[in-house]
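Undergrad: So the protein sequences, as listed, match chains Z and A. Residues in the first sequence are numbered from 0 upward in steps of one, following numbering that gives the first Met the number 0. Residues in the second sequence are numbered from 0 upward in steps of one, following numbering that gives the first Met the number 0. Once you've had a glance at the structure underneath, I'll fire off some questions.
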Amino acid sequence: MPRLDRLSQVQRTMLLARPVEVNRTAPWTPPPAPLAAMRLALVTTAGLHLLEDRPFARDDPSFRVIPSSAGPSEIRQSHSSLAFDRRSMMQDLNVVFPVDRLREMVKEGAVASLGRSHYSFMGALSDVDPIRGPAAIVADELLADGVQTVLLTPT
Amino acid sequence: MVTVSISQVREHSAKILPPRALWVPFPFGLPLGHAGDVEQQRRVLACAFDLLLEPSGPVLRDLAGDEEEEEERGAPVQASEVAQTGTPPQDVAMELLLMRQHHERWQGRGGRTTVGLTRIPPRRFRGVVRFLEAFADGSDADMAERPADVEPQLWIRWCVDDLKALYVEGRLSMVPEETADAAARWLWGETALGDLIRRVARRMESSADPPMRAAAYGIAR
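In structure tokens form, the structure reads like this:
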């Protein structure tokens with residue numbers, strides 16, 4: 000997005016007022032292998048889900064499982080924000096959920112494989128605490144699937 | 000497990016300290032860049048995965064080479080910013096019929112659809128329109144399709160989002176090169192649906208029910 004100093008006062012205030020986790024340290028896990036030898040999955044806060052899934056509600060802390068074999072036509076988005084134009088996502092899911100690009104990387108040998116599933120949470124949560132439990136479940140499922148690297152995408 | 004994040008708000012990432020984050024200058028909703036720009040998307044991914052080569056962290060790096068993006072506005076035009084031109088058209092049902100044809104063209108050309116939150120097929124959207132019109136006019140309207148565990152205000156949002164998605168995708172078929180702002184000005188300033196959604200939002204805002212009032216925020220966006 001544009002830098003904060005380029006935004007309107009309303010947008011700047013809204014963003015700066017949003018609660019975020021403030022950390023003094025960051026966990027550091029060195030990659031166990033080059034990317035070309037690692038299994039990768041996507042985790043997004045774009046509010047994506049399959050057509051047959053229940054759409055997200057505002058501040059919904061739950062997650063949805065998106066099989067990595069799912070095609071773009073099977074995926075919906077129930078996170079609609081004042082802040083973004085959904086037309087781009089209507090035209091190309093890869094702007095927020097780059098499944099086609101990652102499949103290309105697997106074919107090219109740049110990534111070893113994709114996990115069985117990708118995961119989505121709702122965006123713009125007003126409280127981060129309720130998401131800790133669901134996030135731990137997702138981490139466990141990713142580890143059980145042998146996923147070594149996760150790409151996190153926002154909206 | 001190793002994580003690589005794409006960041007759209009640099010100030011937030013500087014506080015959260017994810018181990019590896021790539022800040023991108025694109026508008027919200029486009030963390031990988033613009034629709035259809037495969038090379039740009041691949042470049043963002045390459046830069047993000049380059050962070051795996053860093054020996055220590057946290058590392059927050061800017062995507063280089065896209066500074067011109069900073070001139071883009073942060074969010075599209077909202078309904079509140081758009082003045083309706085003259086008397087807006089009133090017949091949403093007739094307008095819907097026309098927009099469904101454009102939407103079918105959109106899908107016929109291979110366009111994916113984001114319609115589907117209510118699970119009601121577009122050919123039955125006249126019922127959705129009747130429901131929203133009755134609600135806007137003050138009745139206690141409901142729809143048999145609303146699942147029992149979905150609150151009325153959430154159902155209204157899904158109905159509105161499905162109709163907007165059908166219109167916006169249909170508009171993409173009509174005017175593919177239109178800017179986001181021009182499309183928003185068309186929806187809110189020139190369509191009967193835009194007027195209906197504004198009326199729905201006003202009814203929600205005046206509700207005595209706090210969850211209904213809270214859900215009004217963002218309905219007309």
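All residues carry an ideal CB built from backbone N, CA and C; glycine is no exception.
1) Let me make sure I understand the geometry here. Which of A:Gly64, A:Pro17, A:Glu103, A:Cys158 has the alpha-carbon closest to that of Gly169 of chain A?
2) Quick check on Ile5 of chain A: does DSSP put it in helix, strand or coil?
3) Using 8 Å as the limit for Cβ to Cβ distance, is Phe62 of chain Z near chain A?
4) If you drop the 5 nearest sequence neighbours on each side, which residues of the same chain put their C-beta closer than 8 Å to that of Val105 of chain Z?
5) Could one say the Cβ of Asp208 of chain A lies closer than 8 Å to chain Z's Cβ atoms, at least one of them?
6) Please tell me whether, using a cut-off of 7 Å, the distance from the CB of Thr44 of chain Z to the nearest non-hydrogen atom of the ligand PLP is below it.
7) Which chain A residues sit within Cβ distance under 9 Å of Ala111 of chain Z?
8) If contact means a Cβ-Cβ distance below 7 Å, which residues of the segment 169–191 of chain A contact chain Z?
9) Note the first and the last residue of the continuous beta strand (DSSP E) segment covering Asp61 of chain A.
10) Could you check whether Val114 of chain A and Ala45 of chain A sit closer than 8 Å to each other, using their CB atoms as the reference points?
11) I'd like to know if Thr12 of chain Z contacts chain A, where contact means its C-beta is closer than 8 Å to some C-beta of that chain.
12) Within a Cβ cutoff of 8 Å, which residues of the same chain sit near Leu51 of chain A, ignoring the five residues on either side of it in sequence?
13) Would you call the segment 131–151 of chain A and the segment 196–208 of chain A in contact, with 3 or more CB pairs under 8 Å?
14) Taking the DSSP output, what are the residues bridged to Ser116 of chain Z?
15) Could you tell me which whole beta strand (DSSP E) segments of length 3 or greater appear in the segment 31–116 of chain Z?
16) Between Glu20 of chain Z and chain A, is any beta-carbon pair separated by less than 8 Å?
17) Once the 5 residues before and after Leu62 of chain A are set aside, which same chain residues still bring their CB inside 7 Å of it?
18) Verify whether the separation of the beta carbon atoms of Pro54 of chain Z and Trp157 of chain A is less than 8 Å.
19) So is Gly115 of chain A in contact with chain Z if we call contact Cβ pairs under 8 Å?
20) Compute the Euclidean distance between the alpha carbons of Val94 of chain Z and Arg131 of chain Z, then round it to the nearest angstrom.
21) Starting from Arg19 of chain A, trace the beta strand (DSSP E) in both directions and tell me its first and last residue.
22) Grab me the residues of Ser61 of chain Z's own chain with a C-beta within less than 7 Å of its C-beta, minus the 5 sequence neighbours each way, in chain order.
23) Taking 8 Å as the threshold, find out whether the segment 16–25 of chain Z comes into contact with the segment 29–39 of chain A through three or more Cβ pairs.
24) Give the secondary structure of Val149 of chain Z by DSSP, where H, G and I count as helix, E and B as strand, and everything else as coil.
25) According to DSSP, simplified to helix, strand and coil, what is Ser138 of chain A?
26) Can you tell me whether Glu70 of chain A is buried or exposed? The criterion is at least 16 other CB atoms within 10 Å of its CB, across all chains shown.
27) Going along chain A, which residues have a C-beta under 8 Å from Val105 of chain Z?
28) I want to verify the contact list: residues of chain A whose CB lies under 9 Å from the CB of Pro133 of chain Z, in sequence order.
29) From the beta carbon of Asp160 of chain A, is the nearest beta carbon of chain Z less than 8 Å away?
30) Can you find at least 3 beta carbon pairs, one from the segment 37–50 of chain Z and one from the segment 133–148 of chain Z, that sit closer than 8 Å?
31) Taking Pro129 of chain Z as the query, report the chain A residues whose CB atoms sit under 8 Å from its CB, ordered along the chain.
TA: Looking at the atomic coordinates:
1) A:Glu103
2) strand
3) no
4) Ala111, Ser112, Leu113
5) no
6) With respect to small molecules bound, the structure shown includes none, and the ligand PLP cannot be examined in it.
7) Result: empty, since nearest Cβ-Cβ is about 13 Å, beyond 9 Å.
8) Leu171, Ala179, Ala182
9) 58–61
10) no
11) no
12) Val1, Val3, Arg19
13) yes
14) Z:Pro66
15) 38–43, 47–49, 62–66, 74–76
16) yes
17) Leu21, Trp22, Val23, Pro24, Val43, Cys46
18) yes
19) yes
20) 26 Å
21) 19–22
22) Pro133
23) no
24) strand
25) coil
26) Note that Glu70 of chain A has pLDDT 46, beneath the 50 cutoff, so the model's placement of it is unreliable and no number is given.
27) Here the premise fails: no neighbours, minimum Cβ distance about 12 Å.
28) Correct list: empty, because the minimum Cβ distance to chain A is about 16 Å.
29) yes
30) yes
31) Those within 8 Å of Pro129 of chain Z in chain A number zero; the least Cβ separation is about 17 Å.
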